Structure formats: structure tokens, C-alpha cells
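Here is the structure we will look at.
Number of protein chains: 2
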Amino acid sequence: MTISSLVQHIQEKQSYLCVGLDTDLQKIPAHLKEQPDAMLQFNKAIIDATLPHCVSYKINTAFYEAMGLKGWEIMQETLAYIPKTHFTIADAKRGDIGNTSTQYARAFFEAMDFDAITVAPYMGEDSIRPFLEYENKVTIVLGLTSNAGSNDFQQLILEEYDESLTMVPHITQGAVSKRLYEHVIGRVASWGSPENLMFVVGATQATEFENIRDIIPEHFLLVPGVGAQGGSLEAVSKFGLNKDAGLLVNASRAIIYASEGEDFANKASSVAKAYQEEMAVYLGNR
Amino acid sequence: MTISSLVQHIQEKQSYLCVGLDTDLQKIPAHLKEQPDAMLQFNKAIIDATLPHCVSYKINTAFYEAMGLKGWEIMQETLAYIPKTHFTIADAKRGDIGNTSTQYARAFFEAMDFDAITVAPYMGEDSIRPFLEYENKVTIVLGLTSNAGSNDFQQLILEEYDESLTMVPHITQGAVSKRLYEHVIGRVASWGSPENLMFVVGATQATEFENIRDIIPEHFLLVPGVGAQGGSLEAVSKFGLNKDAGLLVNASRAIIYASEGEDFANKASSVAKAYQEEMAVYLGNR
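Residue numbers (numbering that gives the first Met the number 0), protein chains in the order written: chain A, 0 to 285; chain S, 0 to 285.
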């Protein structure tokens, strides 16, 4: 899917909601647990219920890998069930030396047909390039994550940084990257464009959004951390939205585990609809 | 497997060789390609041929994921084929927020029974802790990688660093972590011990080994980059070996693709044996 198709979908739906399918077999409603393919049935019900209110689905690969071979199969079947109208993200946090990243790109862009994959930046340019070589696919690189551990390394202050980054298109002139995550975002942005790169920025980091928009005004940000992790949709939207929306805000647990009963899909739909309605207001206020 | 069992195996074999099963279906010998389960047959032949000369196998998950469901199955079967005498590593470069890393730990330590997994450090402490909670399992964190991209972020110089790290057991007093990778190694080392943590340090970074041994004299280092990537076993061994050996040196392409003909297993055995014999010399010279 192209970014412009995604932007059009966001405008039509008045929603920049991404539903996170972090499906844990232990947390799905009791009446489903007994059935074979319980996890797949749960995912299908959640997708049916939330489809009108969101523009994207994010499959957290860890939850499927934890179930072994069967889980990998359910991941494929879940992806196949999502209509092509919706932007699909493999939340896989992959990244390795070039010849290995090439294999990961094949896994998620060819063996499976995801629109996007999340990638960790620690190993640098040749670990990210193989993903960028795919047309109409999007690489979503970790910038500033939503967890407590984001303070351990991402916020470290650099003594030296590359001032030439301020000359890169799509990066605001004069922005200075002093902290590691700022440097990572600026540097990675220079390897692609807003058409094939997004960045993960946690919703719990709302105070940093203005700063991040100084560095990359045009790129989409994938924003986890609303809901169970406590991030504010209002704050994220206020500082993160740009002319194309430029945000995909993900909620996982708050939607898919909205109820433990037989009404789980209805409740998931209600929560997703409430997010959509709030998003419509913020889109109108831009 | 415990680290002391690994150390004992290294002493018995006079080898710290890890064989990397980065098996690419397109690169295996022509006579095998036609057969069903070609990749598994290839892996079994390589394991049989190299078993006497190595102490560890590293399965690069990307090459299996690229084949979809069938690849995941072959990964499981390959792991099951490796005798329990040998230390098994999932080279998976995983890492995510706590509840997700918990799922990755389940995937590789429970659904599959690997002894160790490689983990990326960018997301900090809560992304690594869930792996450390397993007894007799080892978490191998990226320190300084073997690829060109290691210069992009890992070598950045920090303005601020945590001097309290020099008070952590297993870290040499007075070592100062100025570069990002040094800081990562020192900080991560404080979250575990040499019994449950190793670090990835590329063989192409031989000049840095002395420095790294100043920070973590006791930890095992997993060293890729010998062979196809051009790293020197002699230099790595000179600066990296410690009293317990403290090194696992991985070779993948140089061993598994030593020949494209029907003699591929014999050739793999010869190359592995040559590495072992060279290692015996370095172990003797410590």
C-alpha cells in the first residue's frame, strides 16, 4: 500500500487508529478458549468488529511465535483475513546484518504480504536498507519507544553529532540532534523518504512530539502506548498531527480485551469507535 | 545449559567454534535441492559433519522465517536434531516492551528449547529482563556488531555516561564508557551476570577487544564475522580469550558453503576441523 492510499483512507474514515492484535491465548474470553483455532476465531471477530473504525492492524509477532508452529500459521491466517483496504504492520522489531535483513524482508514482504514491518536501528544502515528496497512497502524504525527502558539508551546525550543531517530533505533545517533517539531519527530519515519510512514514537512520550516534528515534519509516526500503557491520545494528536495526519495511533489491550465476556467483540467495537470519534475531532481541529 | 558446562565442553574439545546455520535454500548443493526437505537434510548433514569440531550451533532465524511456515518447522526440526551436548543459539535479534519480550522468551526458551537467544538493546532494561528470568538460559545482547552499520550508532560518543557503572561487579573498576556500545555493554552487564549474559562483538572489530575486556573481563563474547565477513580468528583470540575461554567464535558461510558439490559435508568438516585446530593453539597459548 502507498502512503497516499493510507492518507486517503484516514481522511475517509476520519480515523488514524491502528488496532494491535497482541493476542494472548490466556486472555481471550473463556467461551472461546475451548474451541480449536480459538486464537484465530478471536482475531477474526476483533477484525470484523473494528474494521469500520480503524485504518490499520498491527500484528505483534511475539504473541504468535510463543505458540510455535501453530502460532506462525495463525499469524498468516490472521493477516490473510484483513481486507486490503487496511494497512497491515508486522510488529516484529527485526534487524541484522545486510544479508540477514534481506531474509527478514522476504519473510514479511514476500512469504507474507505485510504492508510494513517494525525494525530496530542499533545495527545501522545496512541493517535497514534491505527493507527499504521494496516498492510500496513501509519500514517503521524505532525512534523513541513507549516503555521505561527508553530512558536507558535512547535519551543518552551525544557529544558528537552529524550536523550534515540538517541538510537532508524532509528534515527541518537547523534541527540539532543531541540525544541518541533524535540522532537515530534524523540519520535513518536520510536513508529513505516519508514514502517508505515511518518511526515508532511512544504515546507516553507526548512532551517529545513537538521536538520530533521539528526533525521530521512529514513522516508518519506509529504511536503505541495509548490505553493500557497510559499515553494520552489528545496530547499525541495535538503535537503529532501534520497536514496528512502523519499519525497511526495504536491501541491493543484497551480494545481487544475490552471485555472478557461473550460481548468482547461488541465492546472492542465500542472502544474503537470512541477512539475514532475522538480522532475525528482532532483531525477537524488541525 | 549452564556456562560451566559450556566451559567444560570447550576444554574437552579444545574448540570454541560455533557453526552458524544460516541456511539459504538457493545456496545448497544442486543434488540436494530437488529433494523434499532439502534444507533439513542439508542441516542434518552439516551438523553430523561438524559435531566433533564445534561446541555450539547458531540458527539464524531470518533464513527460516523467509520460507514461511515450512521454514519455522525446519527450524524446530533442526534444533531438535542438535545433541544436548552442544550449546544452541537462536540468532533472532529480538527485543520489545516487557510483556512482548516475555512472549519472545516463551517462543525460544519454552515453545523451542534453545539455550540462548540474541537480543537487541535499543529498548532498554525492561526489553531484556524477561529473557534473564530463565534459569540455565543465556541472553546474548548486541554490543559491537560486525557490519559497516555498526559505525552509525554504536560508535557515537556520549557526552554523559553513568560513572556508577564502574561499581558494578564483573565490570572492571575505573573503566569509562564513553561510546554508545561501551555504555550499552556496561549497563546491560549490570542487569545480569556472566552466568546468564553474553555479548555479541564482531570479529571485524578486533582492535576493540582489549577495550571490551576492560569493561567485561569475565563474560562470554559471541563473535560472528570470521570467514565470509573477513574477521581474523587470531586477533580475536589474542585479545578476547580469558581464563574460561570466554569466546564463542561463529563461522557460517565459510563452513556450510565450503563446497557446492556432493562433498559439501566433508568440506564443511575439514573447515570446521581447521578452525578447531587453530583454536587449540590459541587456548594453549593463553
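Using N, Cα and C, we set each Cβ at its ideal position, and we do this for glycine too. Keep in mind that this is a model prediction, so the values were computed, not measured.
Straight-line gap, residue i to residue j (C-alpha atoms, nearest Å)
i                      : j                      : result
residue 172 of chain A : residue 103 of chain A : Below a pLDDT of 50, predicted positions are generally treated as unreliable, and residue 172 of chain A, at 42, falls in that range; no measurement from the model is reported.
residue 157 of chain S : residue 41 of chain S  : 46 Å
residue 149 of chain S : residue 93 of chain A  : 16 Å
residue 220 of chain S : residue 90 of chain A  : 29 Å
residue 249 of chain A : residue 10 of chain S  : 51 Å
residue 280 of chain S : residue 233 of chain S : 10 Å
residue 217 of chain S : residue 28 of chain A  : 48 Å
residue 15 of chain A  : residue 96 of chain S  : 22 Å
residue 201 of chain S : residue 63 of chain A  : 31 Å
residue 194 of chain S : residue 230 of chain A : 37 Å
residue 19 of chain A  : residue 275 of chain A : 15 Å
residue 6 of chain A   : residue 111 of chain A : 23 Å
residue 57 of chain S  : residue 22 of chain S  : 11 Å
residue 136 of chain A : residue 108 of chain A : 8 Å
residue 189 of chain A : residue 223 of chain S : 28 Å
residue 226 of chain A : residue 106 of chain A : 30 Å
residue 247 of chain A : residue 17 of chain A  : 6 Å
residue 35 of chain A  : residue 240 of chain S : 52 Å
residue 78 of chain A  : residue 82 of chain S  : 36 Å
residue 132 of chain A : residue 124 of chain A : 13 Å
residue 242 of chain A : residue 192 of chain A : 16 Å
Minimum C-alpha distance to residue i - residue among the options
i                      : options                    : result
residue 187 of chain S : S/134, S/118, S/208, S/207 : S/118
residue 277 of chain A : A/22, A/46, A/53, A/28     : A/53
residue 181 of chain S : A/155, A/205, A/202        : A/155
residue 184 of chain S : S/224, S/227, S/145, S/139 : S/139
residue 31 of chain S  : S/260, S/237, S/146, S/116 : S/260
residue 114 of chain S : S/99, S/130, S/126, S/125  : S/130
residue 273 of chain A : A/5, A/238, A/202, A/12    : A/12
residue 2 of chain S   : S/87, S/76, S/59           : S/87
residue 266 of chain A : A/245, A/25, A/0, A/47     : A/47
residue 44 of chain A  : A/80, A/65, A/58, A/192    : A/80
residue 203 of chain A : A/5, A/143, A/284          : A/143
residue 50 of chain A  : A/66, A/24, A/38, A/8      : A/8
residue 178 of chain A : A/254, A/252, A/210, A/38  : A/210
residue 60 of chain S  : A/99, A/85, A/24           : A/99
residue 85 of chain A  : A/76, A/124, A/0, A/75     : A/0
residue 270 of chain S : S/285, S/284, S/252, S/147 : S/252
residue 235 of chain S : S/228, S/258, S/206        : S/206
residue 151 of chain A : S/242, S/72, S/121         : S/121
Bridge partners - residue i, DSSP secondary structure assignment
i                      : result
residue 139 of chain S : S/117, S/197
residue 183 of chain S : Residue 183 of chain S is not bridged to any residue.
residue 95 of chain S  : DSSP output for residue 95 of chain S lists no bridge partner at all.
residue 155 of chain S : DSSP output for residue 155 of chain S lists no bridge partner at all.
residue 59 of chain A  : A/90
residue 178 of chain A : A/156
CB contact check: residue i to chain A, cutoff 9 Å
i                      : result
residue 38 of chain S  : no
residue 212 of chain S : no
residue 185 of chain S : no
residue 35 of chain S  : no
residue 93 of chain S  : yes
residue 23 of chain S  : yes
residue 218 of chain S : no
residue 47 of chain S  : no
CB contact check: residue i to chain S, cutoff 9 Å
i                      : result
residue 167 of chain A : With a pLDDT of only 45 at residue 167 of chain A, under 50, the local geometry of the prediction cannot be trusted, and the value read off the model is given with reservation. With 9 Å as the cut-off, residue 167 of chain A does not count as an interface residue toward chain S.
residue 112 of chain A : no
residue 204 of chain A : no
residue 32 of chain A  : no
residue 132 of chain A : no
residue 127 of chain A : yes
residue 177 of chain A : yes
residue 119 of chain A : yes
residue 228 of chain A : yes
residue 122 of chain A : yes
residue 284 of chain A : no
residue 59 of chain A  : yes
residue 182 of chain A : yes
beta-carbon residue i near the ligand PLP non-hydrogen atom, thresh 8 Å
i                      : result
residue 281 of chain A : In the structure shown, the ligand PLP is absent, as is every other ligand, since no ligand is present at all.
Taking a cut of 9 Å between CB atoms, which residues from the segment 96 to 108 of chain S lie near chain A?
Listed in sequence order: 96, 97, 98, 99, 100, 101, 102, 103, 104, 105, 106, 107.
Closer than 9 Å between beta carbons: that is the criterion. Which residues of the segment 134 to 164 of chain A meet it against chain S?
Here the close residues are 141, 144, 145, 146, 147, 148, 149, 150, 151, 152, 153, 155, 156, 157, 158, 159, 160.
Output needed in chain order: residues of the segment 61 to 84 of chain A with a Cβ under 7 Å from some Cβ in chain S.
Hits within the stretch, in order: 61, 62, 64, 65, 66, 67, 68, 71, 72, 75.
May I ask you to list, following chain order, the residues of the segment 241 to 275 of chain A that have a beta carbon less than 8 Å from some beta carbon of chain S?
The segment 241 to 275 of chain A vs chain S, Cβ under 8 Å: nothing.
Give, in chain order, every residue of the segment 190 to 201 of chain A whose Cβ lies closer than 8 Å to some Cβ of chain S.
Under the 8 Å Cβ criterion, the segment 190 to 201 of chain A contributes no residue.
Could you name the residues of the segment 3 to 28 of chain S whose beta carbon sits closer than 9 Å to any beta carbon of chain A, in the order they occur along the chain?
Listed in chain order, the positions of the segment 3 to 28 of chain S with a beta carbon within less than 9 Å of a beta carbon of chain A are 21, 23.
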